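Asks:
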C-alpha cells in the first residue's frame, strides 16, 4: 500500500490519501482526522532505527490507519445506540461552488474535508450502504474496490487470509449492487432543482409528483437541533413535512449545491447553513432524502471570508 516516502515532507504528503481512506471507512470527517492523527502519532513514536527499516512509510501509515478505523467501526454500534435519532455520514461540500479560497495552495492546517476527493465512492447513497456492512466487509470493500489494494495487503490489516478478504469484499459488493444505479448528475440536478422550486412555493402537489410514493426521508439532528427522530416514509407525508418546515422557518434560503459530489440542496438562515440534503433519484423521481442538521457535521459548510 502507498508509495515510498522517507522525508518529512513525504510523510506529511501521505495525509491526503489517509484522510480519503479514513473518511470512506468511517463516514465522519472528524473521526477520519482523529484516526489519521493517531496513525501519525504512532509513526513518530517509533524509534528512529525502526522507522528507517520501514521501506514504505505510506504503506505502513495506510495499514495503521485502516486498523484504527477497523477498531472504531467495531465500537460504532454502541456509539450509534447512544446517538439521538438517526445517524448519517458527514455531508461534504464542493468548496469551488462558493469558497474564494478553493484555489489556494493547501497547507498542513487545511480542513480535512477539503482534502477528500469527491467521486461516486463518497455518494451519500453508498456511504449509507457501507454503514450496513460488518467492519471487516467495509474495510475489505473500500480498500480493494475503491482504492485497488491487493487482498494480500488487506489481509495484513484484517488479520485474515487473502482468500477470506476476497470473500468479504464479494459479500460487501452484493450489498452495493442492490442499491440503485447512479443517475447522471445532469438528470439528478434537474429533479433536485424542481424539488427546490416546489419547496420554495409550498407546492405540495408538485412535491408529491417529484417523490416516489415509497420515498423515505431520514434526518440527522444528533439531538442538538429539532428534527424527526425516525424516517418519514411515503412521498405524500414527506411533501407535507417539507412544506411544514418551510412555514415554520421564515427567511430560510434554499440553495443548489454539490453534496458529496452530487446535486443537492442547502438551507441557510442569515448566511448560516442549517441543513444539507442529499438525494437518491431513480427514474426521474426522488426515492431517498438524507437531511443532515447536526451542527457538528455542518462545520465544513461554514462560509469563509
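Numbering (the working numbering), first residue to last: 1 to 305.
Glycine included, each C-beta is placed from N, C-alpha and C at the ideal position.
The structure displayed is predicted, hence computed values, not measured ones.
1. Hey, quick one: how far does the beta strand (DSSP E) through residue 203 stretch, first residue to last?
2. Pop quiz: residue 120 and residue 172 are said to be a contact at Cβ under 8 Å. What is the actual Cβ separation, rounded to whole angstroms?
3. If we ignore side chains and look at the alpha-carbon of each, how far apart do residue 134 and residue 30 end up?
4. Based on the DSSP output, what are the partners of residue 68 in its beta bridges?
5. With distances taken between CB atoms, is the gap from residue 112 to residue 12 smaller than 8 Å?
6. Unbroken alpha helix (DSSP H) runs of length 4 or more, entirely within the segment 4 to 55: which are they?
7. Just list the alpha helix (DSSP H) runs in the segment 138 to 201, keeping only unbroken ones of 4 residues or longer that don't cross its boundaries, in chain order.
8. Cβ atoms of residue 132 and residue 90: under 8 Å apart, would you say?
9. Are there any heavy atoms of the ligand FAD lying less than 7 Å away from the beta-carbon of residue 42, as far as the coordinates show?
10. Just checking my contact of residue 85 with residue 221 at CB under 8 Å: how many whole Å lie between their CB atoms?
11. Which one of 226, 256, 177 and 234 has the shortest CA to CA distance from residue 357?
12. Fully enclosed by the segment 229 to 294, which beta strand (DSSP E) runs are 3 residues long or longer?
13. Residue 243 and residue 202 look like a contact to me (Cβ under 8 Å); what is the Cβ gap, rounded to whole Å?
14. Exposed or buried, residue 272, counting other C-beta atoms within 10 Å across all chains shown (16 or more means buried)?
15. Looking only at its chain, what residues have a beta carbon closer than 6 Å to the beta carbon of residue 288, apart from the 5 residues adjacent to it on each side?
16. What distance in whole Å lies between the Cβ atoms of residue 163 and residue 317, which are believed to be in contact at a cut-off of 8 Å?
17. Would you identify the three-state DSSP class for residue 213, choosing helix, strand or coil?
18. Counting C-beta neighbours from all protein chains within 10 Å, is the total for residue 263 16 or more, i.e. buried, or is it exposed?
19. Under a three-way DSSP split, which group does residue 90 fall into?
20. With a CB to CB cut of under 7 Å and the five nearest residues on each side skipped, what residues in its chain are close to residue 16?
21. So, for residue 152: in the same chain, excluding its five sequence neighbours on each side, which residues have a beta-carbon less than 7 Å away from its beta-carbon?
22. Using three-state DSSP, classify residue 134 as helix, strand or coil.
23. Just curious, the alpha helix (DSSP H) that residue 82 is in, first and last residue?
Replies: Well, looking at it:
1. Annotation: residue 203 is outside any beta strand (DSSP E) and is labelled neither H nor E by DSSP.
2. About 15 Å separates the two Cβ atoms, so there is no contact after all.
3. 21 Å
4. In the DSSP output, where bridge partners are listed per residue, residue 68 has none listed.
5. Note that the C-beta distance between residue 112 and residue 12 is not below 8 Å.
6. 8 to 12, 15 to 26, 29 to 44 and 48 to 53
7. 151 to 158, 162 to 178 and 185 to 200
8. no
9. By its list of ligands, the structure shown contains no ligand whatsoever, and the ligand FAD lies outside what it can speak to.
10. Yes, residue 85 and residue 221 are in contact; Cβ-Cβ is about 6 Å, under 8 Å.
11. The structure shown has nothing for residue 357, since the chain only spans 1 to 305.
12. 253 to 259, 262 to 269, 272 to 282 and 285 to 292
13. 5 Å
14. Residue 272 should be labelled exposed.
15. These residues qualify, in order along the chain: 216 and 280.
16. Lying outside 1 to 305, the shown extent of the chain, residue 317 is not represented and no answer is given.
17. strand
18. buried
19. Coil at residue 90, not helix or strand.
20. 115
21. 162
22. coil
23. 76 to 82
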